[in-house]
Amino acid sequence: MTTPNKTPPGADPKQLERTGTVREIGSQAVWSLSSCKPGFGVDQLRDDNLETYWQSDGSQPHLVNIQFRRKTTVKTLCIYADYKSDESYTPSKISVRVGNNFHNLQEIRREGKSSEGTFVYSQKG
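Counting from 1, one number per residue, gives the positions in the sequence shown under full-length UniProt numbering.
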């Protein structure tokens, strides 16, 4: 079960990490993209700079795949989106899927279009 919530304006996942509320584990995973324009790939997606971003370059759906090398429990997922900065590339839907491999993924959450902010998906329990 997941519960979506939007962090308050100005909330910073890095601040949540400093206070021990969350721990960043993305560096333990292999990241891949369905497509990207040159200079707008995984490095820009993960660089902690809100001025840089991933920009897809291909047909939909546009996917970000995060695969851990071993079984990993993820309790919270933070995603930042800013529709006002670039409405044409901001996702209209975010789908979170989990599984043991790419072929048995199950959707656990789908979120519609948003305006701006960090979206936090938390697993209960």
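Using N, Cα and C, we set each Cβ at its ideal position, and we do this for glycine too.
Quick test of your reading: residue i and residue j, contact by CB under 8 Å. State the CB separation rounded to the nearest angstrom.
i: lysine 93; j: arginine 110; result: 6 Å
i: tyrosine 89; j: glutamine 60; result: Between glutamine 60 and tyrosine 89 the Cβ distance is about 12 Å, and since that is not below 8 Å, they are no contact.
With which residues is residue i paired in a DSSP beta bridge?
i: tyrosine 80; result: Thr118
i: arginine 110; result: Ser95
i: valine 74; result: Valine 74 pairs with nothing; no bridge assigned.
Would you mind reading off the limits of the beta strand (DSSP E) that contains residue i?
i: glutamate 24; result: No beta strand (DSSP E) contains glutamate 24, which DSSP labels as neither H nor E.
i: leucine 45; result: From DSSP, leucine 45 is part of no beta strand (DSSP E) but of the alpha helix (DSSP H) over 42-45.
i: valine 30; result: 29-33
Going by alpha carbons, who is nearest to residue i out of the options?
i: proline 91; options: Asp47, Tyr53, Asp48; result: Tyr53
i: glutamine 28; options: Lys71, Asp82, Tyr80, Leu105; result: Lys71
i: asparagine 65; options: Arg23, Leu105, Gln15; result: Leu105
i: glutamate 107; options: Gly117, Val96, Asn100; result: Val96
i: glycine 41; options: His62, Arg69, Asn100, Arg23; result: His62
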